[in-house]
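Q: In our numbering, the protein residues as written are 124 to 289.
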């Protein structure tokens, strides 16, 4: 075989080689496509999580600003004399408070329970102690200021008086 024929034989591509090369390229393209699709799905999931966390943080800030108003509103209504409860302006204020209460509950705000419970430093803040032999030691005797949770997270601990047996 001449040198020229040898060179031509080296350049000849056999159908089996061509098919194998095409299959390898197709697999490579498919794998790259699958990887890109997985990356896109991961991006979508990460974006959804980020958006949810952002909205939660924004709502949390709003709730933090509203909690003192909510608490003082309830305290003010609790001090309305019995004789004035039927006055139109008092009824109107109670209606506004009920609307605010529904809004807070819809946002995930719940009042922390205190009555008769054992003191829990995670949700209660002791601001005083009293002695009551009729109660178990470390029982919450009185709620001085309500506490609130946003879902399971404590936003404001309940300020309480705790039983301290000597």
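All C-beta atoms in this analysis are idealised placements derived from N, C-alpha and C, irrespective of residue type, glycine included.
Treat the numbers as computed from the prediction; the structure is a model and nothing was measured.
In the DSSP assignment, find the unbroken alpha helix (DSSP H) run with residue 247 in it and report its ends.
A: Premise fails: residue 247 lies in the beta strand (DSSP E), 247-253, not in any alpha helix (DSSP H).
Q: For residue 155 versus residue 230, is the C-beta distance shorter than 8 Å?
A: no
Q: Please report how far the alpha carbon of residue 251 lies from the alpha carbon of residue 189, in whole angstroms.
A: 26 Å
Q: Do you know how far the Cα of residue 171 is from the Cα of residue 196?
A: Rounded to the nearest whole angstrom, the CA to CA distance from residue 196 to residue 171 is 36 Å.
Q: Please state whether DSSP places residue 262 in a helix, a strand or coil.
A: strand
Q: Can you list, in chain order, the residues of its chain whose CB lies under 6 Å from that of residue 282, leaving out five sequence neighbours each side?
A: 248, 250, 267, 268
Q: Applying the 10 Å Cβ sphere with the 16-neighbour rule, what's the burial state of residue 259?
A: By the 10 Å Cβ count, residue 259 comes out exposed.
Q: So, with DSSP's three-state summary, where would you put residue 237?
A: Assigned with DSSP and collapsed to three states, residue 237 falls in coil, not helix or strand.
Q: Under a Cβ-count criterion, where at least 16 other Cβ atoms within 10 Å of its own Cβ denotes burial, should residue 210 be classed as buried or exposed?
A: exposed
Q: Taking the alpha helix (DSSP H) that residue 197 belongs to, which residues open and close that run?
A: 138-201
Q: Count the other CB atoms, across all protein chains shown, that sit within 10 Å of the CB of residue 270; report buried if there are 16 or more and exposed otherwise.
A: buried
Q: Relative to the C-alpha of residue 290, which residue among 280, 275, 201, 285 is closest?
A: Lying before the first or after the last residue shown, residue 290 is absent from the chain, which here runs from 124 to 289.
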